[in-house]
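Numbering-wise (the numbering used here), the sequence shown opens with residue 218 and increments by one.
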Amino acid sequence: MLTILLFWFQLFTGTAPQPVLFEEVQVFTGNAQTLTPPSYVLVVGNKIQRISTAPFEVDAGTLRINGKGKTLMPGLIDAHVHLAFGSMSMQDMASPDLGQELILKHMRKSAEEMLLRGFTSVRDVGGPIFPFKAAVDAGTLTGPRIWPSGAVISQTSGHGDFRTPAEKSRRFFGTPSRSESFGANFIADGRDEVLTAVRENLRFGASQIKIMGGGGTSSAYDPVDVTQYTLDEMKAAVEAAEDWGTYVTVHAYTSRAIQRAIEAGVKCVEHGQLADEATLRLMAKKGVWLSLQNLVEDTPDMDSLRREKRKPVIEGQAKLWPLAKKLKVKLAWGTDFLFEPALNKQQNNYILKLQQWFTNAEILKMITHDNAALLQLAGLRSPYPGKLGVVEESAYADLLLVDGDPLKDLSLLANPESKFLLIMKDGKIVKNLISK
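In structure tokens form, the structure reads like this:
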């Protein structure tokens with residue numbers, strides 16, 4: 218009785234959303250090959266309270282949604298985003314006017330549009346994110362749930378060393394780089410500095426730690442083939458993260474960089490497009506996640522150096538997806554759009570690129586259930602520790618009502634403006650075209 222009274226108090230004081238009953242919906246549960254029979258799904262507060270194939274009574278104040286002929290499914294999850302870097306161009310980043318307010322302005326628009334594309338959760342794997350995430354959680358800004366990594370951690374000359382040619386080493390000259398002052402990165406060398414960088418991110422609320430273990434395509438000073446961080450430095454990051462009950466994910470393309478990271482105890486690899494079969498077998502054996510992308514093809518605005526560095530990576534990803542699937546590596550999916558804000562509108566379309574290797578059911582499972590499993594690898598450091606990526610009783614009410622059956626027609630996901638009739642995050646309706 219006390220729970221019921223508390224709920225109604227929260228409802229009338231504006232702190233709890235109105236209960237919602239989805240009627241006669243077919244459900245994609247997140248991990249099934251087929252939709253359920255027509256069902257009734259009740260959301261109370263921010264959780265799914267009851268699911269039944271038979272009608273049942275609800276309180277008079279419940280909002281009823283007629284879902285006949287529609288599919289109810291978990292919200293989409295992108296396991297590799299950079300809300301800051303993805304919402305700004307290189308010119309924006311280099312602007313002398315760049316400040317926290319301008320960064321926030323770019324991120325605000327990007328995050329709101331991402332939620333309206335049906336992405337109710339994202340893992341931000343590097344950048345100045347903590348104040349923005351706090352504002353989203355408080356409800357003052359709109360966006361998906363965010364699992365934040367904080368500043369990327371890189372060695373000097375590594376993939377996360379964003380200094381301009383004029384900026385000297387902090388270690389020798391005492392002045393932090395501009396990007397470090399904005400919270401985009403830590404340049405950390407040696408065990409002690411790596412420990413400090415990891416602990417700084419954890420202090421501000423990182424759910425997982427991102428380190429740079431190899432060369433990158435969007436950085437000017439490190440060839441793609443190089444291996445970054447010694448084994449001892451990587452172990453330091455892993456030890457500090459594990460002491461807080463969470464994990465390290467590593468940016469790495471090559472087999473050498475990935476194998477070093479696995480030896481150090483890293484639990485997830487970002488990218489990996491140059492990995493060989495032996496390395497993938499090792500990942501499968503050790504249960505290490507591969508957070509993989511279909512990296513964007515060259516665009517007219519892309520820097521010529523970046524375009525050249527990306528060639529082997531783009532070639533490698535077409536081989537990696539089917540091989541990782543065959544070897545049963547734990548797979549997660551993300552987009553990793555960087556410095557070209559216009560690309561964000563293609564986020565849903567990039568899901569369809571997986572169809573050359575996976576069935577529709579496999580893809581839907583990956584971008585909901587499987588990505589959620591990776592997010593919850595953060596354990597007690599997860600900012601949202603409940604069930605996610607599934608439509609089950611007691612799971613978070615992060616839901617999409619789709620006009621049609623995405624198991625038969627995956628292209629529905631690429632048309633969120635018209636095909637996502639309702640979007641719910643944390644039990645709150647953020648878009649509703651079906652019930653006024």
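Here a beta-carbon is modelled for each residue, glycine too, at the ideal position from N, C-alpha and C. Given the structure is predicted, the values throughout are model-derived calculations rather than measurements.
Since residue i and residue j are thought to touch, with beta carbons under 8 Å apart, how far apart are those beta carbons, to the nearest angstrom?
i	j	result
Leu315	Leu618	Not quite, the Cβ-Cβ distance comes to about 39 Å (not below 8 Å), so this is no contact.
Ser508	Asp493	In fact, because the Cβ distance is near 18 Å, the residues do not count as touching under 8 Å.
Arg192	Asn565	Missing from the structure shown is residue 192; the chain here goes from 218 to 653 and no further.
Val467	Val443	That pair is no contact at about 14 Å.
Ile370	Ala301	16 Å between Cβ atoms; not a contact.
Leu512	Gln534	6 Å
Ala244	Val258	For clarity, residue 244 is Val in the given sequence; the question names Ala instead. Confirmed, Cβ separation roughly 7 Å.
Asn418	Ser374	So it is not a contact: roughly 21 Å between Cβ atoms.
Keeping to the same chain, check which residues put their C-beta closer than 8 Å to that of residue i; ignore five residues upstream and five downstream.
i	result
Arg387	Pro393, Ser394, Glu397, Ile404
Please report the distance separating the alpha-carbon of residue i from that of residue j.
i	j	result
Lys427	Asp460	16 Å
Ile268	Pro255	11 Å
Phe273	Ile265	15 Å
Ala271	Glu241	9 Å
Arg420	Ala458	11 Å
Glu634	Pro382	43 Å
Lys526	Ala437	10 Å
Arg281	Ser304	37 Å
Ordered along the chain, which non-local residues of its own chain (more than five positions away) have a Cβ less than 7 Å from that of residue i?
i	result
Asn248	Lys582, His586, Val607
Lys604	Ser611, Ala612, Tyr613
His297	Arg340, Val342, Glu487, Ser508, Gln510, Gly551, Thr552, Asp553
Lys636	Val619, Asp620, Gly621, Leu629
Gly596	Gly462, Thr463
Could you please give the first and the last residue of the uninterrupted alpha helix (DSSP H) stretch that includes residue i?
i	result
Ala559	Careful: Ala559 lies outside any alpha helix (DSSP H) and carries neither H nor E.
Thr496	494 to 503
Trp538	521 to 543
Glu329	317 to 333
Met583	Where Met583 is concerned, there is no enclosing alpha helix (DSSP H), given that its DSSP letter is neither H nor E.
Leu412	407 to 420
Apart from the five residues just before and just after residue i, which ones in its own chain have a Cβ nearer than 6 Å to its Cβ?
i	result
Trp364	Arg340, Ser424, Leu592
Phe556	Ser306, Met307
Lys285	Glu241
Met218	The predicted model places Met218 with a pLDDT of 38, which falls under 50 and marks its position as unreliable, so this point remains unresolved.
Met310	none
Leu650	Leu638
Which residue comes first and which comes last in the beta strand (DSSP E) that contains residue i?
i	result
Met290	288 to 291
Ile346	Careful: Ile346 lies outside any beta strand (DSSP E) and carries neither H nor E.
Tyr464	Counting along the chain, Tyr464 falls outside any beta strand (DSSP E), and DSSP gives it neither H nor E.
Glu166	Because the chain is modelled from 218 through 653, residue 166 falls outside the range shown and cannot be assessed.
Asn649	645 to 649
Nearest CA to the CA of residue i: which residue from the options?
i	options	result
Ala495	Gln563, Gly303, Arg267, Lys545	Lys545
Pro234	Thr251, Asn263, Leu491	Asn263
Ala277	Pro236, Thr251, Ser312, Val455	Pro236
Ser435	Phe379, Phe399, Gly400	Phe379
Leu548	Leu358, Gln490, Lys350	Gln490
At a threshold of 8 Å, does residue i count as lining the ligand GTP (C-beta to nearest heavy atom)?
i	result
Ser304	This structure does not include the ligand GTP; it has no bound ligands of any sort.
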